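The numbers in our numbering rise by one with no breaks, and the one at position 142 of the sequence shown is 142.
Please read the structure below before turning to the comments.
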Amino acid sequence: GLAAVETGALAGRVEKDVYLQGAWLAGLDGFVKLASVAGQTALAREAQELLQKARSSLERWFLREKGYLPFGKLTDGTFYPALTPWQAMALAYGGLDPEIARGATQSLSRPEVATPWGTRLFATNSPNYDPLSYNDGSVWPFVTGFAITAQFRNGAPREGLRQLYG
C-alpha cells in the first residue's frame, strides 16, 4: 500500500522510516481535528499530546549539517542518512517546526534527487543508490507529488513548479 516503503537494499534493517512517521503525524493531526469537531474534547487533547510527542521525536532526526531528515532509523539504532524525498510526507503534512520544514524542503531540489521527470527515491550519492533499482534509485510519481506539495507549503513554489512541469 501507499503507507509501506519497500526498502530494497535495506530490507529487514529499518526500524522506522521517515515516510511512515510523516503519515503518522498527518493521521494524528486529522484525528485531532475530527475529535474536536465531534465534541470529543478529552480524546482530542490526548491525540494532540501524542501528536506533539511524535513531532518532537521526528524533529530530533533533522540532520542540521546536511539540511534534511534522513530516510530512517535502523534496527541497530543508527540512522540511514540518505537524502530522500520520502521525507516530503512529513514536510507537507506533519506540521513540523517551520525552520526544519523549510530547510529540509530545500533539499528536495538538489540535483542528487531532482530530475526533469520527477524525484528519485534516494539521492545519487546514497550508499545503496542503484539507478536500475525499483526501490533504490527510480522515480515514483506519487512520491514526487509529496515533494511538490512540500515545496508549495514550505516556501519553495518555484521549485515545486519546476518539479511539476519538468
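In this text, a Cβ means the ideal position worked out from N, Cα and C, and glycines have one as well.
Keep in mind the model is a prediction, meaning the values are calculated, not measured.
Residue i to residue j span [Cα, whole Å]
i: A123; j: T78; result: 19 Å
i: L215; j: A156; result: Residue 215 falls outside the range modelled here, since the chain spans only 1 to 166, and no answer is possible.
i: L69; j: S133; result: 22 Å
i: L51; j: L34; result: 14 Å
i: G12; j: R64; result: 27 Å
i: R45; j: G30; result: 13 Å
i: Y129; j: N135; result: 9 Å
Supposed contact pair residue j and residue i - C-beta distance, whole angstroms, cut 8 Å
i: A150; j: L108; result: 6 Å
i: W86; j: F71; result: 6 Å
i: L20; j: V32; result: About 19 Å separates the two Cβ atoms, so there is no contact after all.
i: E59; j: L96; result: 6 Å
i: G67; j: G103; result: 5 Å
Residues of its chain near residue i, where Cβ-Cβ distance is below 7 Å and the 5 sequence neighbours each way are ignored
i: T105; result: L91, A150, Q151, N154 and A156
i: A147; result: P85, A88, L108, T119 and Q163
i: Y80; result: L10, P70, F71, G72 and L74
i: E112; result: L83, A123, T124 and N125
i: S36; result: A44
i: D17; result: V5, F71, G72 and W86
beta-carbon residue i near the ligand COA non-hydrogen atom, thresh 7 Å
i: T144; result: Although the ligand COA was asked about, the structure shown includes no ligands whatsoever.
Own chain residues within Cβ distance below 6 Å of residue i, not counting five before or after
i: I100; result: E59 and F62
i: G22; result: M89, A90 and G94
i: D76; result: none
i: P131; result: G137
Closer than 8 Å to chain B by CB, residue i
i: P111; result: As a matter of chain content, chain B is missing from the structure shown, which is built from one protein chain.
Beta-carbon contacts of residue i that lie in its chain and below 8 Å, excluding the five residues immediately before and after
i: V139; result: T115, W117, G118, T119, R120 and L121
i: T144; result: P85, G118, T119 and Q163
* Unbroken beta strand (DSSP E) runs of length 3 or more, entirely within the region 12-81: which are they? -> Taking only runs of at least 3 residues, the beta strand (DSSP E) segments lying wholly in the region 12-81 are 14-17 and 72-74.
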